[in-house]
Structures are given as structure tokens and as C-alpha cells.
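Asker: Can you read through this structure? Questions will come right after.
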Amino acid sequence: MSDPHRRDYAFLAEGNQAVTHDEPMWSGALSFCRRRYARDLAGVDVAVVGVPYDQSVTNRPGARFGPRGVRAASSQLGWSRAWPSAFDPFERMAVVDWGDVLIPHGHPAEVPAAIEAAMTSILDAGATPLAIGGDHFTTYPSIKAHAKRLGRPVALVHFDAHSDLWDGGGPDWIDHGTMFRDGIAGGEIDAARSIQVGIRTTNDDTMGVETYDAIKVHETGIAATIAAIRARVGDAPVYLTFDIDCLDPAFAPGTGTPVCGGLASWQALGILRGLSGLNLVGMDVVEVAPAYDVGEITALAGATVALQLLCLYAERKPA
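Our numbering numbers the first residue of the sequence shown as 5 and each following residue consecutively.
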């Protein structure tokens, strides 16, 4: 147990790498899993960064409050080691909460560059961003930053109800359903190494991306889904993006564009746990919209997925 007189580890922690803190769930500064707030990224492995933007949605807004909701829900996860992990990711690597990207409200054309610049600054400091959206468009500027840093396109492992490959208005079009098409056309995403999991909307133009839809996940199971992802991406650098509407609305009602027939939370987490060893270079969780949530279950699902992504990334480091 931690010292009962020490609270608010987000401000009072003495370093960036420490075991999970036992802090009351109902009080204290709501950083992600009680990590220390920091912009100084010296020695930091992962910086959790909020991207509170939702002006590119096609249905219900509200994902701009996603980072706040996920951070609050993460207080339910920050008191013990992530289950069923054999190690504490916060003991194995240094994780901080970087805060939020400053969105230029009123200047939507400047938003993509602002997000990309924030991600680039984190990457340039030697850390990896774990982004919490925000609507799904916010993933594209992050992918751009990663692809430029790597000097090559990334393999996209994309959990979603929607393909986000629809034909929009070109590379300057800001829409949460078209950006991956633009990413393929722009050379930031390697379609031949990319796969989408949980899809349950119709788009016949896959741009060469493999589709492992929700029905296939249900019929073939977790192990087969994991095998398909591994076979598709190989050893390519992977950007993993998790749209919370990949989950069925029974498990994630708090999102802008819910679709019935999705994955259960246990299925999604089982698949993620099976991706150990992937060359994971970037990651995010998006589209949590707390205004439509019930009992905070969507925000909790988003926080749990984010924590699982941290566990995956931590597995790359020696114990």
C-alpha cells in the first residue's frame, strides 16, 4: 500500500517511472492512471496525450470530452497492476500524462497541423504518444507524424465499426470517415500491410486494406483474428488505432456513431492481448463521447483499452 498521507501523484510523484499508485478513485488530480503531468520528456517512454477535437464527426458530437472522460475512468484502473498482465507497465517503463493538444478553436483548417506538431514534438523528444481522442480524424495527423519520423508508411491495425475509407473532398477534407483513404493516397499508410477489425458497415472500396469484419470475428474467434492480424502486418511498424465503436453499443453506448453487432469488450481485449511482439510504434483510442454514456462504461472501456496498449508497448522492453 502507498503512504496514506501522499496523494495527487499526478503532481507529487518524484519520477516518471514508478509502480501503480494506490490512490482513492474519488479524489485527486485525474491524470491518466495517476501518471505525473509532464512536458519534459527526458527519459520518458510513453506520453499520454489528449486530443479534444470532434468537429469532423458525421453524427453526434461530444468526443472532444473523450480525453477527460477516459482520464476520469482510468482512476478505476490505477490502483493495481493491469489484469491479467504478469508485470506492471508503469514499473517497466516511464509514462507521463502530457496533457492535451491545444486545439485552435475557430480555425478548423489549422487543426491537423496543430495535432501533427504536438505528436512530432513528443516523437522528437524520444517518447511515443498514446493519444486519447477526440473523433477519429485525429488519428490521421498522428499517423503523418509517425510516418515522417520513420521515413516510411506504417501498417495500420484498425479496430472500428466503419472503414473510414470513403471518398471525401481530397487531402484537405476534414472528416472522420475519409482520412485513411487520404493516408493511403498520401503514402503514410501501407495498405498491403493494413487490416481492419470489427467492421460492420458497407464500403466496397477497401483500397487494398484487409477487412476482418465483426461477423468474421464472431464466427472464427479470437485466436483466428489474432493470426490474421499477425499475418497481415508481419514485422512492419504498426500504428494501432482503436475506435471505441468497434465495441457493440451494449458495451460502448457513449460514442457518436454506434453500430449494432459489434465486438464484446472481452473479445477486443483478448485480441489485443494476443498481439504481443508486434512492432508497435504508435497507438490511440478515439471516439469516446461521455455525454451518451451509461454508468461510465464506455469511458472505462476506452481507459482499459488504452492501458492494454501500454502493456503491449511495455512488452517491448526488458523486464
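Glycine is no exception: its CB is placed at the ideal position from the N, C-alpha and C atoms. The model shown is predicted, which means the values in this text are computed figures rather than measured ones.
My assumption, with CB atoms under 8 Å, is that L45 sits in contact with A131. Please give the rounded CB distance.
Answerer: By one-based count along the sequence shown, residue 45 stands at place 41. By one-based count along the sequence shown, residue 131 stands at place 127. Confirmed, Cβ separation roughly 5 Å.
Asker: For the region 64–92, list the alpha helix (DSSP H) runs that are entirely contained and at least 4 residues long, ordered along the chain.
Answerer: 70–78, all fully within the region 64–92.
Asker: Just verifying my parser: in three-state terms, what is the DSSP assignment at F255?
Answerer: Stepping through the sequence shown from its first residue, residue 255 is reached at position 251. Residue state, collapsed to three classes: coil.
Asker: Taking the straight line between their C-alpha atoms, what separation do you get for M287 and T124?
Answerer: To locate residue 287, count along the sequence shown from 1; it is residue 283. To locate residue 124, count along the sequence shown from 1; it is residue 120. Rounded to whole angstroms, M287 to T124 spans 14 Å at the Cα level.
Asker: Give me the residue from I301, T229, T302 and A318 with the minimum Cα distance to Q271.
Answerer: If you number the sequence shown from 1, residue 271 lands on position 267. Out of I301, T229, T302 and A318, T229 has the C-alpha closest to the C-alpha of Q271.
Asker: Look at the alpha carbon of R320 and the alpha carbon of F69, and state the distance between them as a whole number of angstroms.
Answerer: Translated into the one-based positions of the sequence shown, residue 320 becomes position 316. Translated into the one-based positions of the sequence shown, residue 69 becomes position 65. Taking the straight line from one Cα to the other gives about 31 Å.
Asker: Does DSSP put T103 in a helix, in a strand, or in coil?
Answerer: Your numbering for residue 103 matches position 99 in the sequence shown. The sequence shown places Gly at residue 103, rather than the Thr named in the question. The answer is strand: DSSP assigns G103 an E or B state.
Asker: For the region 24–43 against the region 110–117, are there 3 or more C-beta pairs whose distance is under 8 Å?
Answerer: Touching, no, given that fewer than three Cβ pairs across the two stretches are closer than 8 Å.
Asker: Where do the N-terminal and C-terminal ends of the alpha helix (DSSP H) with V309 fall, by residue?
Answerer: The count along the sequence shown starts at 1 and reaches residue 309 at position 305. I301 to A318 is the extent of the alpha helix (DSSP H) around V309.
Asker: With respect to the beta strand (DSSP E) encompassing V53, which residues constitute its N-terminal and C-terminal limits?
Answerer: Locating residue 53 in the sequence shown gives position 49, where the first residue counts as 1. Run containing V53: V50 to V55, per the beta strand (DSSP E) assignment.
Asker: Spell out a yes or no on whether the region 275–292 and the region 205–218 are touching, meaning 3 or more CB-CB pairs, one atom from each, closer than 8 Å.
Answerer: Touching, no.
Asker: Please list the terminal residues of the continuous beta strand (DSSP E) segment that includes H162.
Answerer: In the sequence shown, the residue the question calls residue 162 occupies position 158. Start and end: A159 to F163.
Asker: Strictly by DSSP, which residues pair up with E95?
Answerer: Position 91 of the sequence shown, counting from 1, holds the residue named residue 95. DSSP, once it has assigned bridges, lists no residue as partnering E95.
Asker: By Cβ distance, which residues of its chain are closer than 7 Å to A76, with the 5 residues on each side in sequence left out?
Answerer: Numbered from 1 along the sequence shown, position 72 holds the residue referred to as residue 76. Cβ neighbours of A76 beyond the five flanking positions: L34 and A303.
Asker: What runs of the beta strand (DSSP E), each 3 residues or longer, lie entirely inside the region 185–234?
Answerer: Runs of the beta strand (DSSP E) inside the region 185–234: 199–201 and 214–216.
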